[in-house]
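Colleague: Per this note's numbering, the very first residue in the sequence shown carries number 1; after that it's consecutive.
All C-beta atoms in this analysis are idealised placements derived from N, C-alpha and C, irrespective of residue type, glycine included.
Owing to the predicted nature of the structure, the values given are computational and were not obtained by experimental measurement.
One structure, pasted below without further comment.
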Amino acid sequence: MALTAQQQTALLQMTQAMFNAALGKVYLDALSSQLEAGSSIASIAQGLLGTELFLGKSYADDLAPSAFAQTFVDDFIGNRASSDSKTIAVNFIVSKITAGATQNQIIAEIANTLSSFSVTDPDWGEAALHFKTENINKVVNNLLADSVSADDKASAVEAMLDQMSTGKTFGDVVEWAIKALDDLDQTDPAWGLAAARFDNRTEVSHYYSIEKNGASTDLATLQQILTGVTADAASIETAKAAIDSLLNNPSESINLAELNGSNGFRLDGIVRSDDTGESVDSAGDVNGDGFDDLIIGAPHNFDDFYAGASFVVFGKASGFSATLSLSSLDGTNGFRVNGVAGGDGAGQEVGSAGDLNGDGFDDLVVSASLSDIPKNDTGYTYVVFGKSSGFDAVIDLATLDGNNGFRMSLDEADLLLGWSVDSAGDVNGDDIDDLIIGAPISTEPAGAFSGSSYVIFGKTSGFDGNLDLSELDGSNGFKIQGSVAGAQFGNGVSAGDINGDGFNDLISGSYYGGTGTTYVLFGKATGFDAIIDLASLDGNNGFSIDGVAEGDEAGYSVDNAGDINGDGFEEIIIGARNADASGENSGAAYIVFGKASGFDPVIKLSELSGNNGFRLAGAAAGDLAGRSVSTAGDFNGDGLDDLIIGAYSADPNGASSGTAYVIFGKSSAFESSINLANLSISEGFIINGLATGDALGKSVSSAGDINNDGFDDLIIGAPFGDGVALNTGAGYVLFGRSTTAITATSTEFAQDIASRVGINQTIELI
Numbered sequence: 001m002a003l004t005a006q007q008q009t010a011l012l013q014m015t016q017a018m019f020n021a022a023l024g025k026v027y028l029d030a031l032s033s034q035l036e037a038g039s040s041i042a043s044i045a046q047g048l049l050g051t052e053l054f055l056g057k058s059y060a061d062d063l064a065p066s067a068f069a070q071t072f073v074d075d076f077i078g079n080r081a082s083s084d085s086k087t088i089a090v091n092f093i094v095s096k097i098t099a100g101a102t103q104n105q106i107i108a109e110i111a112n113t114l115s116s117f118s119v120t121d122p123d124w125g126e127a128a129l130h131f132k133t134e135n136i137n138k139v140v141n142n143l144l145a146d147s148v149s150a151d152d153k154a155s156a157v158e159a160m161l162d163q164m165s166t167g168k169t170f171g172d173v174v175e176w177a178i179k180a181l182d183d184l185d186q187t188d189p190a191w192g193l194a195a196a197r198f199d200n201r202t203e204v205s206h207y208y209s210i211e212k213n214g215a216s217t218d219l220a221t222l223q224q225i226l227t228g229v230t231a232d233a234a235s236i237e238t239a240k241a242a243i244d245s246l247l248n249n250p251s252e253s254i255n256l257a258e259l260n261g262s263n264g265f266r267l268d269g270i271v272r273s274d275d276t277g278e279s280v281d282s283a284g285d286v287n288g289d290g291f292d293d294l295i296i297g298a299p300h301n302f303d304d305f306y307a308g309a310s311f312v313v314f315g316k317a318s319g320f321s322a323t324l325s326l327s328s329l330d331g332t333n334g335f336r337v338n339g340v341a342g343g344d345g346a347g348q349e350v351g352s353a354g355d356l357n358g359d360g361f362d363d364l365v366v367s368a369s370l371s372d373i374p375k376n377d378t379g380y381t382y383v384v385f386g387k388s389s390g391f392d393a394v395i396d397l398a399t400l401d402g403n404n405g406f407r408m409s410l411d412e413a414d415l416l417l418g419w420s421v422d423s424a425g426d427v428n429g430d431d432i433d434d435l436i437i438g439a440p441i442s443t444e445p446a447g448a449f450s451g452s453s454y455v456i457f458g459k460t461s462g463f464d465g466n467l468d469l470s471e472l473d474g475s476n477g478f479k480i481q482g483s484v485a486g487a488q489f490g491n492g493v494s495a496g497d498i499n500g501d502g503f504n505d506l507i508s509g510s511y512y513g514g515t516g517t518t519y520v521l522f523g524k525a526t527g528f529d530a531i532i533d534l535a536s537l538d539g540n541n542g543f544s545i546d547g548v549a550e551g552d553e554a555g556y557s558v559d560n561a562g563d564i565n566g567d568g569f570e571e572i573i574i575g576a577r578n579a580d581a582s583g584e585n586s587g588a589a590y591i592v593f594g595k596a597s598g599f600d601p602v603i604k605l606s607e608l609s610g611n612n613g614f615r616l617a618g619a620a621a622g623d624l625a626g627r628s629v630s631t632a633g634d635f636n637g638d639g640l641d642d643l644i645i646g647a648y649s650a651d652p653n654g655a656s657s658g659t660a661y662v663i664f665g666k667s668s669a670f671e672s673s674i675n676l677a678n679l680s681i682s683e684g685f686i687i688n689g690l691a692t693g694d695a696l697g698k699s700v701s702s703a704g705d706i707n708n709d710g711f712d713d714l715i716i717g718a719p720f721g722d723g724v725a726l727n728t729g730a731g732y733v734l735f736g737r738s739t740t741a742i743t744a745t746s747t748e749f750a751q752d753i754a755s756r757v758g759i760n761q762t763i764e765l766i
């Protein structure tokens, strides 16, 4: 039978008392079934007492029973019972877990037991009094806030504790409290404001949960709905307007503080000013164990005055902790790659080189683009070969000899060789992966800062310790030279099979001056010249993509976007960090769809219609969305590739805390423009930096499938985050999961809560 209006209202009121939050449709449906089955408001409140949602306590799933029991008893009992009593409790919990009880069941059982003990119990009375007082204070603060005097709040707490001393349950006194407030007259001189506030908040919760069917299951969101609702009737309309706005913009936000090892983890930098996370990428499967690995750069690591370092973390099926200090890598779980000389900034760019030597193991590419050897800002790029085992804890790039990897160099000043690096996949169809490297400030032939890119063909053997890129002759690789002075061609490089012919195509950005331009050069089996002139692109051998407006810097970042629309062709994503899509320098990213043929020599981003591609507009002025762009792989496991966009200057949790946006692929039509500020839950989700200055999203990438669960994972850099010291930096890994799981995890939790409503077991601890 359907609930009466009075029963629905009672659930809304109970949620105010317990969680200081609106109820929401999902929780309303879950708890309504309990009322329909004969439960009371009191029994529902009593059941909720023992939940993580109310208590705010959670524990790692992989804790050993004894470790969980000890931690739990310390949390709940503290020093308010004797050591003998606490030992009894720990042993009891261990025995229950050994017999099959879950952590949640233990928490619920102990919470209800403490709630039922008399405060005069010789063993557990002090702990029971503390537990009851703490929870009653929470309820009173939720219901009253500052609407009554401190003395009146204290009297309310005392009245509820007195009732519990006579045998009433916690749930009973919660039900009593909401009925008492509901019965109060808003003109009461002492309690009128509290009554008005309670009524207004109930009305707003009703509007969200019932009239609008608001279905968020995020507690912070449900609490935010009631924030600002006071005794003033005008606050109701303000809150309803905010709800309307929220429901028109219902994207989920992932809280990085909640990564716990099972849903992802954090990589912590080691020393001050490391800037760990300046660059991040999948490393492919470096050790051939079937799990993708990841790589993160710390270019300002100053073991030798900013020589720089990079860190490789091996994938595995499970057993990730919530945080991993990169100092703990020992060769078995990953390793460190050290730069050669002070000032090199090794790790400025890092990535997978694919399987460059065809031995079945993916290789690594690490740039040291600031190296002044042999000349000022020449730059070096290094490849480290993968292998099955025998990794030392530290690999020094100076030891590469052609057998374990090699170095790429040029005898020219002012190149910044390696400013951008990426696997090029198989450009020439020989079944061996190739490599692309950008040198954006090289001068020849168009003039200073015209830039260039270098493509190095993979091969199965014959690598020397050093490869002089001036020796590329078309058979072993080639140079693509920029055509406009100052444009910095090669600032971003990538590759993908855009035309579906089985050869990977090369993507290079030329961002500075004008609108910015991105160039695509088609792969082919043979016939590469030693030097390729961009002016020769005619639609058949490649094409260029022009930005929209002067100063947008389209092409600052580029990547293969994967196949996001499921048509069998890979797409291109182009970042334009200074675009004014939603205000000055809000930034944008553009997706150009792949196709078999029919490319014009020049494509204009201003002409993307949704059929040939689309725009992702930055959310707010100054965000610099598109500073970093990447494929996200198939994060949600729907068979379509997804995207990730970084906006490291966004301010969600303080200035430049940073934001990253994940946009899901789909086989249906895309709009010509999607504003990231209005991203819906079906379109993707948001990941916000945690603190001022973190710069989350300065680097973003797919991490591959590091836990081999069938979903691609993400890695996001926050290079200016303060971990163990200022600007140690961090990288955040977020495990992929289905779209259903993203929206349903909390729904399942609500149903789990509902299934435990009414639990009121007593444990004999003595």
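Looking at C-beta atoms only, is the number of pairs between the stretch 648-660 and the stretch 629-636 that lie closer than 8 Å three or more?
Modeller: no
Colleague: Would you grab the beta carbon distance between F614 and K595 for me? Rounded to a whole angstrom, and I think it's under 8 Å.
Modeller: Residue 614 sits at position 614 when you count from the first residue of the sequence shown. Residue 595 sits at position 595 when you count from the first residue of the sequence shown. Their Cβ separation, rounded to whole angstroms, is 15 Å, which puts F614 and K595 out of contact at 8 Å.
Colleague: Is V548 helix, strand or coil by DSSP?
Modeller: For this step, residue 548 is matched to residue 548 along the sequence shown. Residue state, collapsed to three classes: coil.
Colleague: Sorted by chain position, which residues of the same chain lie with C-beta nearer than 6 Å to N665's C-beta, five sequence neighbours on each side aside?
Modeller: For the purposes of this step, residue 665 is identified with residue 665 of the sequence shown, where counting begins at 1. It should be pointed out that residue 665 corresponds to Gly in this sequence rather than to Asn. Cβ neighbours of G665 beyond the five flanking positions: I564, L640, D641 and D642.
Colleague: Contact criterion: CB-CB distance below 8 Å. Does G24 meet it with respect to chain E?
Modeller: Absence of chain E from the displayed structure is noted, only one protein chain being present.
Colleague: Below 8 Å, can you find three or more Cβ-Cβ pairs linking the stretch 184-195 to the stretch 1-11?
Modeller: no
Colleague: Check the C-beta distance from A424 over to D434 and give it rounded, since I have them as a contact under 8 Å.
Modeller: The residue given as residue 424 occupies position 424 in the sequence shown. The residue given as residue 434 occupies position 434 in the sequence shown. Right, their Cβ atoms sit about 4 Å apart.
Colleague: Measure the alpha-carbon distance for D275 versus S149 and round it to whole angstroms.
Modeller: For the purposes of this step, residue 275 is taken as the residue at position 275 of the sequence shown. For the purposes of this step, residue 149 is taken as the residue at position 149 of the sequence shown. Rounded to the nearest angstrom, the two C-alpha atoms are 50 Å apart.
Colleague: Pick out whichever of L181, G192, S95 and G214 has its Cα sitting closest to the Cα of L28.
Modeller: In the sequence shown, counting from the first residue as 1, residue 28 sits at position 28. Selected option, being the one with the closest Cα: G214.
Colleague: According to the Cβ coordinates, are G490 and S544 closer than 8 Å?
Modeller: Counted from its first residue, the sequence shown places residue 490 at position 490. Counted from its first residue, the sequence shown places residue 544 at position 544. Taking 8 Å as the Cβ cut-off, G490 and S544 do not qualify as a contacting pair.
Colleague: Tell me whether F72 sits in a helix, a strand or coil according to DSSP, three-state version.
Modeller: Working through the sequence shown from its first residue, we reach residue 72 at position 72. Helix, per DSSP.
Colleague: If you draw a straight line from the C-alpha of S262 to the C-alpha of F68, how long is it?
Modeller: Translated into positions along the sequence shown, residue 262 becomes position 262. Translated into positions along the sequence shown, residue 68 becomes position 68. Roughly 16 Å between the two C-alpha positions.
Colleague: Going by C-alpha to C-alpha distance, which of L469, N560 and S483 sits closest to G500?
Modeller: Position 500 of the sequence shown, counted from the start, is the residue given in the question as residue 500. Nearest of L469, N560 and S483 to G500, Cα basis: N560.
Colleague: So, is A17 buried or exposed, given that buried needs 16 or more other C-beta atoms within 10 angstroms?
Modeller: Residue mapping note: residue 17 aligns to position 17 of the sequence shown, counting from 1. Its Cβ being crowded by 16 or more others within 10 Å, A17 is buried.
Colleague: As a quick exercise: from L259, K212, N200 and F265, pick the residue whose alpha carbon is nearest that of N237.
Modeller: Position 237 of the sequence shown holds residue 237. Per the sequence shown, the amino acid found at residue 237 is Glu instead of Asn. The shortest C-alpha separation from E237 is found at N200.
Colleague: In three-state DSSP terms, what is A111?
Modeller: Residue 111 sits at position 111 when you count from the first residue of the sequence shown. In the structure shown, A111 sits in a helix (DSSP, three-state: H, G or I).
Colleague: Out of F522, L370 and L294, which has the shortest C-alpha to C-alpha gap to N540?
Modeller: Along the sequence shown, read from residue 1 onward, the residue named residue 540 stands at position 540. Of the candidates F522, L370 and L294, the one whose C-alpha sits nearest the C-alpha of N540 is F522.
Colleague: Could you tell me the alpha carbon to alpha carbon distance between D123 and I88, rounded to whole angstroms?
Modeller: Along the sequence shown, one-based indexing puts residue 123 at 123. Along the sequence shown, one-based indexing puts residue 88 at 88. Cα to Cα, D123 sits roughly 11 Å from I88.
Colleague: Going by DSSP, what residue range makes up the alpha helix (DSSP H) through K774?
Modeller: Here the chain covers residues 1 to 766 and nothing more, so residue 774 does not appear.
Colleague: Grab me the residues of V558's own chain with a C-beta within less than 8 Å of its C-beta, minus the 5 sequence neighbours each way, in chain order.
Modeller: As a working note, residue 558 is residue 558 in the sequence shown. The residues are G492, V493, S494, I507, S508, G509, T518, I572, I573, I574, G575 and V629.
Colleague: Can you check whether the CB of I437 is closer than 8 Å to the CB of T381?
Modeller: The sequence position of residue 381 within the sequence shown is 381, counting from 1. The sequence position of residue 437 within the sequence shown is 437, counting from 1. Closer than 8 Å, so yes.
Colleague: Restricting to Cα atoms, I'd like to know which of S253, V427 and W176 is closest to I663.
Modeller: Within the sequence shown, residue 663 is the residue found at index 663, counting from 1. Among S253, V427 and W176, the Cα nearest to that of I663 is on S253.
Colleague: May I ask which residues mark the beginning and end of the beta strand (DSSP E) holding I282?
Modeller: As a working mapping, residue 282 is identified with position 282 in the sequence shown. Per the sequence shown, residue 282 should be read as Ser rather than Ile. Unbroken beta strand (DSSP E) run through S282: S279 to G284.
Colleague: Excluding the 5 residues flanking I742 on each side, which residues of the same chain have their C-beta closer than 6 Å to its C-beta?
Modeller: What you label residue 742 is simply residue 742 of the sequence shown in a count that begins at 1. Interpretation of I742 is limited by its pLDDT of 47, a score under 50 that renders its predicted location unreliable; the figure taken from the coordinates is listed afterwards. Nothing meets the Cβ criterion.
Colleague: Pick from N612, G345 and F635: whose alpha carbon is nearest that of G804?
Modeller: Outside the shown range of the chain, which is 1 to 766, sits residue 804, and nothing can be said about it.
Colleague: So who's on the other strand from E571, going by DSSP bridges?
Modeller: For the purposes of this step, residue 571 is taken as residue 571 along the sequence shown, with counting starting at 1. Note: E571 sits in a beta bridge opposite G562.
Colleague: Less than 8 Å between the C-beta atoms of S701 and D268, yes or no?
Modeller: Here residue 701 corresponds to residue number 701 of the sequence shown, with the count starting at 1. Here residue 268 corresponds to residue number 268 of the sequence shown, with the count starting at 1. No, they are not a contact pair.
Colleague: Restricting to Cα atoms, I'd like to know which of V602, G402, Y208 and A625 is closest to P246.
Modeller: Numbered from 1 along the sequence shown, position 246 holds the residue referred to as residue 246. According to the sequence as given, residue 246 is Leu; it is not Pro. It is Y208.
Colleague: Using the C-alpha atoms, what's the distance from V427 back to S483?
Modeller: Along the sequence shown, one-based indexing puts residue 483 at 483. Along the sequence shown, one-based indexing puts residue 427 at 427. Going from the Cα of S483 to the Cα of V427 covers about 22 Å.
Colleague: Going by DSSP in three states, Q46 sits in which element: helix, strand or coil?
Modeller: To locate residue 46, count along the sequence shown from 1; it is residue 46. Helix at Q46.
Colleague: Enumerate in chain order the residues of its own chain whose CB-to-CB distance from S82 is below 8 Å, with the five nearest sequence positions on each side excluded.
Modeller: For the purposes of this step, residue 82 is identified with residue 82 of the sequence shown, where counting begins at 1. Only D123 meet the Cβ criterion.
Colleague: Starting from P652, follow its DSSP beta bridges and name the residues at the other end.
Modeller: For the purposes of this step, residue 652 is taken as the residue at position 652 of the sequence shown. In the DSSP output, where bridge partners are listed per residue, P652 has G654.
Colleague: Indicate the three-state DSSP secondary structure (helix, strand or coil) for R737 in the structure shown.
Modeller: By 1-based counting over the sequence shown, the position of residue 737 is 737. Three-state DSSP puts R737 in coil, outside helix and strand.
Colleague: Where does V312 land, buried or exposed, given buried means 16+ other C-beta within 10 angstroms?
Modeller: The residue you call residue 312 lines up with position 312 of the sequence shown. Classified as buried, V312 has 16 or more neighbouring CB atoms from the shown chains inside 10 Å of its CB.
Colleague: Suppose the cutoff is 8 Å on Cβ atoms and the five residues either side in sequence are ignored; what does the same chain contact list for I532 look like?
Modeller: The sequence position of residue 532 within the sequence shown is 532, counting from 1. F478, K479, I480, Q481 and L521, listed in sequence order.
Colleague: Using 10 angstroms around the beta-carbon of G618, count the other beta-carbons present and answer buried if the total reaches 16, otherwise exposed.
Modeller: As a working note, residue 618 is residue 618 in the sequence shown. Buried.
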